[in-house]
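Engineer: After the structure tokens below, expect a handful of questions from me.
Number of protein chains: 2
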Amino acid sequence: MAPPGRPSSRDKIVAAAVELSKEVGPGHVSLDAVAQRAGVSKGGLLYNFPTKQKLLEAIVAHHIEEFETAFQRKIDNNADKTDGVISACVELFEKKHKNKMPPASGFLAALIENPDLMHPARVFNRRLVDMIRANASNEAAALVVFLAIEGLRCLPLLDLDVLTKEERDLAVQELHNMVSRG
Amino acid sequence: MAPPGRPSSRDKIVAAAVELSKEVGPGHVSLDAVAQRAGVSKGGLLYNFPTKQKLLEAIVAHHIEEFETAFQRKIDNNADKTDGVISACVELFEKKHKNKMPPASGFLAALIENPDLMHPARVFNRRLVDMIRANASNEAAALVVFLAIEGLRCLPLLDLDVLTKEERDLAVQELHNMVSRG
DNA sequence: ATTACTGTACCGTCTGGACGGTATTGTCAA
DNA sequence: TTGACAATACCGTCCAGACGGTACAGTAAT
């Protein structure tokens, strides 16, 4: 792959693309701009990602890996416990929200270019739902919690978030109650 | 405005743009294609909407009006009743889902072009949240229900929906329970 | 010699939008 | 009644710029 010490050019390029998607809007991510932002020549960019589609695939994979890593850490502790998976989801969102992690804006850039690029994310999401249902004490309630978290994550992505911090905290608290009540 | 008998050119153009956004993807909605689909020349399109931004503004307004109309009809019956607003939201989603109404794909085309175009939708959403809270018996639960509905609406928009019909029905049923339990 | 680029010069395509025309209808003075 | 003009609602063409992608010569490190 790459010398794991410093960030590889690939990583810098992916990071630059995600930043740009947030800054100039997901519809205006040009290869020239990405290369400039990443401190790489356009030739260099196309050396690493021969087409724009390959770059966008890498962005989607990056977001998924990021989430999966954090998720695996959370779930190792309470994998088999009743409602362990959905609890982990709530806690994970709470943590990301406290750390003011930005939304996964790279997804939109990929979606725009070609909806098929979302396929890996769909597969991941489906697996997540299966895991949630598998050890949920109340499947219906667990699904609602899952959907609410998705709402909390999607609304900012679509620039549609209107909740105050207090409202978000209130909702997250209620999600906690729902999963601990079982 | 226009003779209210036949659909005006403006309406045809907006409808064509929404359809195209769904068919070719929100990032590939060109004025030429919209004009062709609407049965109008490009000059005619530009006559009705002097810039692409104006067209996208009209699309956003169209989606909002559509939702608002249906919402007002629902809410007239149980406006002041406890949990009346959030109940109306659940029922409205259920109805749209049963009728297999497509997601508001025009939003994405607007978001891509210019995130500011989502502002009217944000204003509407904020008003909706205020109304929900105003007559909710349990604000936290009502917020969770609101977020779950948004999740149900946003996931298909992002091509991320992975739920089976049964799972969706189960979740909607649970939402009903949550609001009627108060 | 190979790897991993840099830098520059292009090419073809697509797209938003400007522009000049045109058909129809309405208005209104002579 | 009619001729002059104007507003409305388009049509069809053209163009400048942006963008994805190619090609290729050079270079510095391993």
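For the record, the sequence lines run as chains A and B.
The opening residue of the first sequence carries number 1 in the working numbering; numbering runs sequentially from there.
The opening residue of the second sequence carries number 1001 in the working numbering; numbering runs sequentially from there.
For glycine and all other residues, C-beta sits at the position ideal for the given N, C-alpha and C.
On a predicted model such as this, the values are computed, not experimentally measured, just so you know.
Determine whether the Cβ of Gln1173 (chain B) lies closer than 8 angstroms to any Cβ atom of chain A.
Structural biologist: Locating residue 1173 (chain B) in the second sequence gives position 173, where the first residue counts as 1. Taking Cβ atoms only, chain A reaches closer than 8 angstroms to Gln1173 (chain B), which makes this a yes.
Engineer: May I ask you to verify whether the region 36-56 of chain A touches the region 66-81 of chain A, counting CB pairs closer than 8 angstroms and requiring at least 3?
Structural biologist: no
Engineer: Under a CB-based cut-off of 8 angstroms, is Ala141 (chain A) close to chain B?
Structural biologist: Locating residue 141 (chain A) in the first sequence gives position 141, counting from the first residue. Chain B, which has a Cβ nearer than 8 angstroms to the Cβ of Ala141 (chain A), makes this yes.
Engineer: Could you name the residues of the region 1115-1130 of chain B whose beta carbon sits closer than 7 angstroms to any beta carbon of chain A, in the order they occur along the chain?
Structural biologist: Pro1115, Met1118, Ala1121, Arg1122, Asn1125, Arg1126, Val1129
Engineer: Contact between the region 1105-1112 of chain B and the region 1019-1026 of chain B: three or more CB pairs below 8 angstroms?
Structural biologist: yes
Engineer: With a 10 Å radius around its C-beta and 16 neighbouring C-beta atoms as the bar for buried, classify Glu66 (chain A) as buried or exposed.
Structural biologist: The residue labelled residue 66 (chain A) in the question sits at position 66 within the first sequence. Label assigned to Glu66 (chain A): exposed.
Engineer: Please look up how many angstroms separate the CB atoms of Ala17 (chain A) and Ala1140 (chain B), rounded, as I've assumed it's under 8 angstroms.
Structural biologist: Here residue 17 (chain A) refers to the residue found at position 17 of the first sequence. Here residue 1140 (chain B) refers to the residue found at position 140 of the second sequence. With a Cβ gap of about 38 angstroms, Ala17 (chain A) and Ala1140 (chain B) do not count as contacting.
Engineer: At the 8 angstroms Cβ level, is Glu1113 (chain B) part of the contact set with chain A, yes or no?
Structural biologist: Residue numbering aside, residue 1113 (chain B) sits at position 113 when the second sequence is read from its first letter. Closer than 8 angstroms to some Cβ of chain A, the Cβ of Glu1113 (chain B) qualifies, so yes.
Engineer: Under 9 angstroms Cβ-Cβ, which residues of chain B neighbour Gly25 (chain A)?
Structural biologist: As a working mapping, residue 25 (chain A) is identified with position 25 in the first sequence. Per Cβ cutoff of 9 angstroms: Leu1111, Ile1112, Glu1113, Asn1114, Pro1115.
Engineer: Quick one, are the C-beta atoms of Met118 (chain A) and Val60 (chain A) less than 8 angstroms apart?
Structural biologist: Taking the first sequence and counting its residues from 1, one reaches residue 118 (chain A) at position 118. Taking the first sequence and counting its residues from 1, one reaches residue 60 (chain A) at position 60. Against a cut-off of 8 angstroms, the Cβ pair of Val60 (chain A) and Met118 (chain A) comes out as a contact.
Engineer: Given that Gly151 (chain A) touches chain B, what residues does it touch there, using C-beta distances under 7 angstroms?
Structural biologist: Here residue 151 (chain A) refers to the residue found at position 151 of the first sequence. Under the 7 angstroms cutoff, chain B gives Leu1147, Ala1148, Glu1150, Gly1151, Cys1154.
Engineer: Taking 7 angstroms as the limit between beta carbons, can you name the residues of its chain near Gly1027 (chain B), skipping five residues before and five after?
Structural biologist: For the purposes of this step, residue 1027 (chain B) is taken as the residue at position 27 of the second sequence. For Gly1027 (chain B), where only same-chain residues beyond five positions count, the Cβ hits under 7 angstroms are Ile1112.
Engineer: Does any residue of chain A have a CB that is nearer than 8 angstroms to the CB of Phe1093 (chain B)?
Structural biologist: Looking up residue 1093 (chain B) in the second sequence gives position 93. Not closer than 8 angstroms to any Cβ of chain A, the Cβ of Phe1093 (chain B) fails to qualify, so no.
Engineer: Which residue wins for smallest C-alpha separation from Ser8 (chain A), given the options A:Asn48, A:Val123, A:Thr164, A:Ser137?
Structural biologist: Residue numbering aside, residue 8 (chain A) sits at position 8 when the first sequence is read from its first letter. Taking only the C-alpha atoms, the option nearest Ser8 (chain A) is A:Asn48.
Engineer: Can you tell me whether DSSP reads Met1101 (chain B) as helix, strand or coil?
Structural biologist: In the second sequence, the residue the question calls residue 1101 (chain B) occupies position 101. In this structure, Met1101 (chain B) counts as coil in the three-state DSSP scheme.
Engineer: Round the Cβ separation of Ile1132 (chain B) and Val1085 (chain B) to the nearest angstrom and send it over; I've been treating them as touching at under 8 angstroms.
Structural biologist: Position 132 of the second sequence holds residue 1132 (chain B). Position 85 of the second sequence holds residue 1085 (chain B). Indeed, because the Cβ distance is near 5 angstroms, the residues count as touching under 8 angstroms.
Engineer: Gly1106 (chain B) lies in the alpha helix (DSSP H); which residues open and close that run?
Structural biologist: What you label residue 1106 (chain B) is simply residue 106 of the second sequence in a count that begins at 1. Start and end: 1106-1113.
Engineer: Can you give the Cα-Cα distance for Lys42 (chain A) and Arg10 (chain A), rounded to whole angstroms?
Structural biologist: Residue mapping note: residue 42 (chain A) aligns to position 42 of the first sequence, counting from 1. Residue mapping note: residue 10 (chain A) aligns to position 10 of the first sequence, counting from 1. So the two alpha carbons sit approximately 13 angstroms from each other.
Engineer: Consider the Cβ of Val144 (chain A): report whether some Cβ of chain B lies at a distance smaller than 8 angstroms.
Structural biologist: As a working mapping, residue 144 (chain A) is identified with position 144 in the first sequence. Yes, its Cβ sits closer than 8 angstroms to a Cβ of chain B.
Engineer: Counting contacts by CB-CB distance shorter than 8 angstroms, is Asp159 (chain A) in contact with chain B?
Structural biologist: Walking along the first sequence from the start, residue 159 (chain A) turns up at place 159. For Asp159 (chain A), the answer is yes, since a Cβ of chain B falls inside 8 angstroms of its Cβ.
Engineer: From Asn114 (chain A) to Ile13 (chain A), what distance separates their C-alpha atoms?
Structural biologist: Along the first sequence, read from residue 1 onward, the residue named residue 114 (chain A) stands at position 114. Along the first sequence, read from residue 1 onward, the residue named residue 13 (chain A) stands at position 13. The C-alpha of Asn114 (chain A) lies about 20 angstroms from the C-alpha of Ile13 (chain A).
Engineer: Val1162 (chain B) touches chain A at which residues, Cβ-Cβ below 8 angstroms?
Structural biologist: In the second sequence, residue 1162 (chain B) corresponds to position 162, counting from 1. Ordered by position in chain A, the residues that pass the 8 angstroms Cβ test against Val1162 (chain B) are Arg122, Asn125, Arg126, Val129.
Engineer: If you draw a straight line from the alpha carbon of Val129 (chain A) to that of Glu1057 (chain B), how long is it in whole angstroms?
Structural biologist: To locate residue 129 (chain A), count along the first sequence from 1; it is residue 129. To locate residue 1057 (chain B), count along the second sequence from 1; it is residue 57. Distance between the alpha carbons of Val129 (chain A) and Glu1057 (chain B) is about 36 angstroms.
Engineer: Tell me which residues share the same chain as Val1145 (chain B) and place their Cβ nearer than 7 angstroms to its Cβ, disregarding the 5 neighbours each side in the sequence.
Structural biologist: As a first step, residue 1145 (chain B) is located in the second sequence; it is residue number 145 there, counting from the start. For Val1145 (chain B), where only same-chain residues beyond five positions count, the Cβ hits under 7 angstroms are Ile1086, Val1090, Leu1175, Met1178, Val1179.
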